[in-house]
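Novice:
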Amino acid sequence: MSMDIRTIAEEFGTPLYLYDFDFIVERYTSLKEAFAGQKSLINYAVKANSNLSVIAHLARMGAGADCVSIGEVRRALDAGVEKYKIIFSGVGKRDDEIIEALENDILLINLESEAEMKRVEKIAKELAKEARISIRVNPNIDPQTHPYISTGLHENKFGVDIDMAKWMYVYAKKSEFLNPVGIHFHIGSQLTKLEPIAEACGIVADLTRSLRAIGIEIKFFDVGGGLGVVYDDEATISTQEYAEVIIKATKGLDVTFVCEPGRYMVANAGFFITKVLYEKKSGNKRFVIVDGAMNDLIRPSLYGAYHKIETVEKEGEESLADVVGPVCESGDFLGKNVMLPPLEHNDLLIVHSVGAYGFSMASNYNTRSKPAEVAIEKEKVRLIRKRESYEDQVRLEKVCMEWSDES
Ligand SMILES: *Cc1c(COP(=O)(O)O)cnc(C)c1O
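Those letters in the sequence shown? Residues 942 to 1348, by my numbering.
Encoded structure:
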């Protein structure tokens, strides 16, 4: 990416998220082309990075959206995603969310339990609508990823087992208010091995065939998201291999493939720019204290995630340091044991591959305002989210600070 980080940091301030929109185009194109000759829908998983401009950028290329709350459905619609390309997933949908999804006539509501199916049926009946649904099957496959982002084992809270899924399809088929047109699974995130994907696809394809044998026509075969990316030096799966495995497992089934990539689309497109405040030593331990923190980027603290950290135009003899933020938690670090040259106040650091689950997991902990977000596309730079102010943070509290006479 050709850009002057220092100029951008000066213009927009730090800490700052910066996204390479051209890279996102490459990612979308690579996955779409891997399914060339097939019917496919790439539904971007909005939770990875929910910025409206990011979703709109993908929507312009033809992407749909995979949403896990009605807020995400609204974001997708606001960003210009076609309603017939929106899927609503998640284990705990509220009544108001189901109502709004049905009223918006989105592509699919993805069901994760029998109780939820009955609830959707009841609400669809009240609205005199037919709900297009898919059922999330839990194939009980170990995706061989971090336990917090593993979702395809029976011990995880997601989906239903094969027998329950069959029963639900038969029930839905008979219902006047449910139309079972999709099947779905999502075994985990940051998948770097093909075997678990192949195995899960095989199991769900078999189920699809047996449903077809009893007259339940599944049109959408949704393989979820999870495609892994390189953070360090891990081996990952190519989109070509990914598509081949899926196409092979579903041989003979005439379906539209739905993929729900989040991380794959945006992780490597994102950079977190933070400014050095101080250096300090504690015994032999070197700390670089920066203006970005765990509230801006929680992945290192939450998952022990590795993100490469680089300096900007800085040289000198390198030594190991922990890069830490100002938040009052020992878990507040962006990197541990990073080789860095001596640093001074106002030097910049770039934290790599933070486009997914970076800003979207940011919080206001320690009353820190959320960072600004900036996009770069064809050498042009644009602010896509203003830096939050203190006033933005306290607005909803300031309007209710007094006991009123009535209460
Ligand atoms: C989180 C999620 C995704 C996206 O996962 P990535 O690992 O970011 O690709 C896709 N589908 C569902 C149902 C999810 O919950």
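Backbone N, C-alpha and C define an ideal beta-carbon position, used for all residues, glycine too.
Quick caveat, the model's predicted, so the values are computed rather than measured.
(1) Here's the rule: buried if 16 or more other CB atoms are within 10 angstroms of the residue's CB, otherwise exposed. What is Met-1280?
(2) Specify the secondary structure class of Cys-1200 as computed by DSSP and reduced to three states.
(3) Shorter than 7 angstroms, the distance from the beta carbon of Val-1130 to the closest heavy atom of ligand 1, or not?
(4) Please report the Cβ distance between Leu-1018 and Leu-1043, rounded to the nearest whole angstrom; I am assuming they are in contact, meaning their Cβ atoms lie under 8 angstroms.
(5) For Thr-1215, list the residues DSSP reports as bridge partners.
(6) Identify the continuous alpha helix (DSSP H) that holds Cys-1008 and give its terminal residues.
(7) For ligand 1, any of its heavy atoms closer than 7 angstroms to the Cβ of His-1248?
(8) If you follow the alpha helix (DSSP H) that Ser-1310 is in, where does it begin and where does it stop?
(9) For ligand 1, is there a heavy atom less than 7 angstroms away from the beta-carbon of Thr-1127?
(10) Where do the N-terminal and C-terminal ends of the beta strand (DSSP E) with His-1121 fall, by residue?
(11) Please state the DSSP three-state secondary structure of Leu-1253.
(12) If you follow the alpha helix (DSSP H) that Tyr-1298 is part of, which residue opens it and which one closes it?
(13) Which of the three DSSP states, helix, strand or coil, is assigned to Arg-1328?
(14) When the distance is taken between beta carbons, is Ile-1214 closer than 8 angstroms to Thr-955?
(15) So is Thr-970 buried or exposed if we call it buried at 16+ other beta carbons inside 10 Å?
(16) Check whether the region 1185-1194 and the region 1259-1278 touch, using three or more Cβ-Cβ pairs below 8 angstroms as the test.
(17) Is the distance from the Cβ of Ala-977 to the Cβ of Ile-996 below 8 angstroms?
(18) Assign Ala-1072 to one of two classes, buried (16 or more other C-beta atoms within 10 Å of its C-beta) or exposed (fewer than that).
(19) Distance check for Gln-1085 and Lys-1063, CA to CA, integer angstroms please.
(20) Should Gly-1005 be labelled buried (16 or more other beta-carbon atoms within 10 Å of its own) or exposed?
(21) For Ile-1103 and Val-1078, which I take to be in contact (beta-carbon distance under 8 angstroms), what is that distance rounded to the nearest angstrom?
(22) Which runs of the alpha helix (DSSP H) at least 4 residues long sit entirely within the region 942-998? Give them in chain order.
(23) Output needed for Asp-963: all residues of its chain with C-beta closer than 7 angstroms, excluding positions within five of it in sequence on either side, in chain order.
(24) Suppose contacts are defined by Cβ-Cβ distances below 8 angstroms. Is Ala-1297 in contact with Asn-990 by that definition?
(25) Label Met-942 either buried or exposed according to how many other C-beta atoms from any shown protein chain fall within 10 Å of its C-beta, with 16 as the threshold for buried.
(26) Is the distance from the Cβ of Ile-1047 to the Cβ of Val-1101 below 8 angstroms?
(27) In angstroms with no decimal places, state the Cα-to-Cα distance between His-1087 and Ser-1345.
(28) Within 10 Å of its beta-carbon, does Leu-1168 have 16 or more other beta-carbons around it, so buried, or fewer, so exposed?
(29) Which of helix, strand or coil does DSSP assign to Glu-1062?
(30) Kindly confirm or deny that the region 1196-1205 and the region 1223-1233 touch, where touching means at least three C-beta pairs closer than 8 angstroms.
Specialist: According to the structure shown:
(1) exposed
(2) strand
(3) Correcting the residue type first, residue 1130 is Ser in the shown sequence and not Val. Within the cutoff, so yes.
(4) Between Leu-1043 and Leu-1018 the Cβ distance is about 14 angstroms, and since that is not below 8 angstroms, they are no contact.
(5) Leu-1290
(6) Here Cys-1008 belongs to no alpha helix (DSSP H); instead the beta strand (DSSP E) covers 1005-1008.
(7) no
(8) Segment: none, Ser-1310 is in no alpha helix (DSSP H) and carries neither H nor E.
(9) The sequence shown places His at residue 1127, not Thr. True, at least one ligand heavy atom lies under 7 angstroms from that Cβ.
(10) Correcting the residue identity first, residue 1121 is Pro in this sequence and not His. Note, Pro-1121: beta strand (DSSP E), 1119-1125.
(11) Going by the sequence as given, residue 1253 is Val instead of Leu. Correct three-state label for Val-1253: coil.
(12) Careful: Tyr-1298 lies outside any alpha helix (DSSP H) and carries neither H nor E.
(13) coil
(14) yes
(15) exposed
(16) no
(17) no
(18) buried
(19) 38 angstroms
(20) buried
(21) 6 angstroms
(22) 946-953, 962-975
(23) Glu-1318, Lys-1319
(24) yes
(25) Its pLDDT being 45, under 50, Met-942 is placed unreliably by the model, and the measurement read from it follows with that caveat. Exposed, because fewer than 16 other Cβ atoms sit within 10 Å of the Cβ of Met-942.
(26) no
(27) 49 angstroms
(28) buried
(29) helix
(30) no
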